[in-house]
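J.: Below is a structure I'd like to ask you about.
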Amino acid sequence: MGSCSSGIKRLKPKTILELSHQIGDIKVTDSEIQEWYESFRSYLAPGRSVLTVDDFHRVFSQIFRGDTRTYSQHVFRSFDVNRDGRVDFKEFLIGLYVSGCNDIRKKLSWAFRVYDVDGNGKISREEMTCVISAILRLFSQRYTQVIPALLVDNFFETADTNQDGFLDLEEFIEACQKTSVLADILQCDASASKIITTFSSEPDFVKCF
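With UniProt numbering, the residue at position 13 of the sequence shown is 13, and numbering never jumps.
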């Protein structure tokens with residue numbers, strides 16, 4: 001997501017120790033914190049010390065060929081824990097770790113935050129459809145709303161155990177542990193493309209994988 005310059009400021013050992021205490025049970029080494037700090041600094045606009053949604057958009061635009069604006073907003077929101085419109089290094093460190101860690105529950109809790117667009121602690125069909133549509137637009141505009149709608153309908157049928165029309169965190173995690181479709185799609189990986197293709201009348205719309 002960017003290149004690190006040898007001139008980028010390095011964290012002091014005391015600062016790394018303080019960060020290690022602040023991020024609680026997240027297990028990262030000092031060298032990993034330093035490496036991620038260098039990445040964080042490389043994404044900053046000149047003269048700034050925090051990331052904005054525009055910075056996320058700029059980075060994702062370098063990775064994906066499609067429309068990245070909405071997806072950038074969703075990922076930014078999941079990193080911006082205190083919802084102040086900015087992502088500092090601590091938030092960046094936690095978000096980067098949790099979104100890619102091997103702890104399934106932590107990873108799915110992060111995925112839940114992405115799908116929970118309004119932050120009210122539950123996911124609606126509309127929210128999930130909105131996020132999936134944003135992910136599909138990263139790769140191509142050549143898809144119909146039928147694809148995310150089918151995915152959402154199928155997932156809710158399994159996940160919404162109390163049938164209230166919403167998914168809470170536990171319902172979401174339990175369903176994702178049975179079928180990883182939604183988590184895979186959020187990671188934009190190859191397995192997700194294969195799943196989505198089965199719902200598409202235009203199988204080559206994910207040929208970029």
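Ideal Cβ positions, reconstructed from N, Cα and C, are used throughout, including at glycine.
Out of L17, K106, E38, T68, which one is the CA nearest neighbour of I132?
T.: If we check each option's Cα against that of I132, T68 comes out closest.
J.: I want to know whether the segment 73-83 touches the segment 147-156 - three or more CB-CB distances under 8 Å.
T.: As far as the Cβ criterion goes, the segment 73-83 does not touch the segment 147-156, which means the pair count is below three.
J.: Could you name the residues that DSSP lists as bridge partners for F166?
T.: Bridge partners of F166: S124.
J.: Assuming K178 contacts T161 (C-beta within less than 8 Å), just tell me the rounded distance between them.
T.: Rounded, the Cβ-Cβ distance is 11 Å, inconsistent with contact.
J.: If you draw a straight line from the C-alpha of residue 213 to the C-alpha of P148, how long is it?
T.: Summary: the structure shown does not reach residue 213, with the chain confined to residues 1 through 209, and so no result is reported for it.
J.: What is the C-beta distance between F40 and F112, in whole angstroms, given that I count them as a contact (C-beta under 8 Å)?
T.: Not confirmed; about 24 Å, so no contact.
J.: Inspect the beta-carbon positions of L44 and D54 and report whether they are closer than 9 Å.
T.: Against a cut-off of 9 Å, the Cβ pair of D54 and L44 comes out as no contact.
J.: Is the Cβ-Cβ distance between G66 and L182 less than 9 Å?
T.: Taking 9 Å as the Cβ cut-off, G66 and L182 do not qualify as a contacting pair.
J.: By a C-beta neighbour count over all protein chains shown, 10 Å radius and 16 as the cutoff for buried, is L17 buried or exposed?
T.: Answer is exposed; the Cβ neighbour count stays below 16.
J.: Is the separation between the beta-carbon of A134 and that of H57 shorter than 9 Å?
T.: Their beta carbons are not under 9 Å apart, which means A134 does not touch H57 by this criterion.
J.: Where in the segment 38-99 do unbroken runs of the alpha helix (DSSP H), each at least 4 residues long, occur, reported from the N-terminal end onward?
T.: DSSP runs (the alpha helix (DSSP H)) wholly in the segment 38-99: 53-63, 69-79.
J.: Can you have a look at E170 and say buried or exposed, based on whether 16 or more other CB atoms are within 10 angstroms of its CB?
T.: Label assigned to E170: exposed.
J.: Which of the three DSSP states, helix, strand or coil, is assigned to V28?
T.: Correct three-state label for V28: coil.
J.: Ignore the nearest five residues each way along the sequence and tell me which others in E127's own chain have a CB closer than 8 Å to its CB.
T.: Cβ within range, chain order: Y115, D116, V117, D118.
J.: Counting C-beta neighbours from all protein chains within 10 Å, is the total for K12 16 or more, i.e. buried, or is it exposed?
T.: K12 should be labelled exposed.
J.: Would you call V206 buried or exposed, if buried means 16 or more other Cβ atoms sit within 10 Å of its Cβ?
T.: For V206, the predicted model reports a pLDDT of 31, less than 50, meaning its position is unreliable and no value from the coordinates is stated.
J.: Apart from the five residues on each side of it in sequence, which residues of its chain come closer than 7 Å, Cβ to Cβ, to Y37?
T.: If we look at Y37 and ignore the five residues flanking it on each side, its Cβ neighbours are L11, F89.
J.: Give me the Cα-Cα distance between K122 and K14, rounded to the nearest whole angstrom.
T.: Rounded to whole angstroms, K122 to K14 spans 39 Å at the Cα level.
J.: Among the candidates K9, V98, L136, whose CA atom is the shortest distance from the CA of residue 246?
T.: There is simply no residue 246 to check, as the chain begins at 1 and stops at 209 in what is shown.
J.: Would you report the Cα separation of N102 and K27, rounded to the nearest angstrom?
T.: Cα to Cα, the separation comes out at about 11 Å.
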